[in-house]
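The structure appears right after this line, and notes come after that.
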Amino acid sequence: MSGCLPAGGEVNERGTGWDLNSERYVAPLEGGMSWRSNFAWALSGNVVYAACQWGMVIALAKLGNSFMVGQFSLGLAITTPVLMFTNLQLRAVQATDAKRRHSFGEYLGLRVITTLVAIALIAAIAGLGGYERETALVILAVGLMKSIESLSDVFYGLFQLNDHLEQTGRSMMIRGFFSVIGLSAGLYLTK
-19 MSGCLPAGGE
-9 VNERGTGWDL
1 NSERYVAPLE
11 GGMSWRSNFA
21 WALSGNVVYA
31 ACQWGMVIAL
41 AKLGNSFMVG
51 QFSLGLAITT
61 PVLMFTNLQL
71 RAVQATDAKR
81 RHSFGEYLGL
91 RVITTLVAIA
101 LIAAIAGLGG
111 YERETALVIL
121 AVGLMKSIES
131 LSDVFYGLFQ
141 LNDHLEQTGR
151 SMMIRGFFSV
161 IGLSAGLYLT
171 K
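If you count the sequence shown from 1, position 116 lands on 96 in this note's numbering, and the numbers rise without skipping.
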């Protein structure tokens, strides 16, 4: 986040940074990356992340079994619509808040609340859906993983607002790689 937040958390000479008096982040009006650079980073991040999601399914198929792939798919099928609904398209709203009507803290606070609601809904579906205990735990684990991802989306909105999609792209790549490595290691060690 060094490209978005000045050191020390104070408003710098260009009038950007954290305004400690109003507790609002003032987005820079200049200094962002070019449209082409932002596009390249966003595209790269999304491609690598999608490949890593595909890699997770391959890891489940190779190191696990078809039942595990089915459980993971069920977890995604249950958690994705719940999280899409509770995310409220907040990143798009945040990234287009040109007048800076709401602080970063307000967006983050709202996302934390809606994510907690999503986790509660996912837990209720997993618990009351008549699934076997192991399947319900997989649904919960996928829900928790996707909930953490939804929290990062607020930071991506901040990066997008400030024309620093290279940070979003890098984060998506790192998150994707660690997801595949973590899942593969977990499957290998528990085999």
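Ideal Cβ positions, reconstructed from N, Cα and C, are used throughout, including at glycine.
As the structure is a computational prediction, the values presented were derived from the model and not from experiment.
Gly85 classed as buried or exposed, judged by whether at least 16 other C-beta atoms fall within 10 angstroms: exposed
Thr66 beta carbon less than 8 Å from that of Thr94: yes
Neighbourhood of Gln51 by C-beta distance below 6 Å, restricted to the same chain and skipping five residues each side: Thr115 and Val118
Ala78 (DSSP reduced to helix, strand or coil): coil
Distance between Ala39 and Ala121 (C-alpha atoms, nearest Å): 17 Å
Other residues of its chain near Met125: CB distance less than 8 Å, five sequence neighbours each side excluded: Ser159
Val134 to Leu23 span [Cα, whole Å]: 19 Å
Candidates Arg113, Leu145 and Gly35: closest to Gly156 by CA position: Gly35
Distance, Ile161 Cα to Phe47 Cα: 20 Å
Within 8 Å, strictly: CB atoms of Trp21 and Leu145: yes
Sequence ranges, alpha helix (DSSP H) only - wholly within the segment 52 to 108, length at least 4: 70 to 75 and 84 to 108
Nearest-angstrom Cα separation, counted from Val49 out to Cys32: 15 Å
Inter-residue CB distance, Ser151 and Ser132 (contact presumed, cutoff 8 Å): 7 Å
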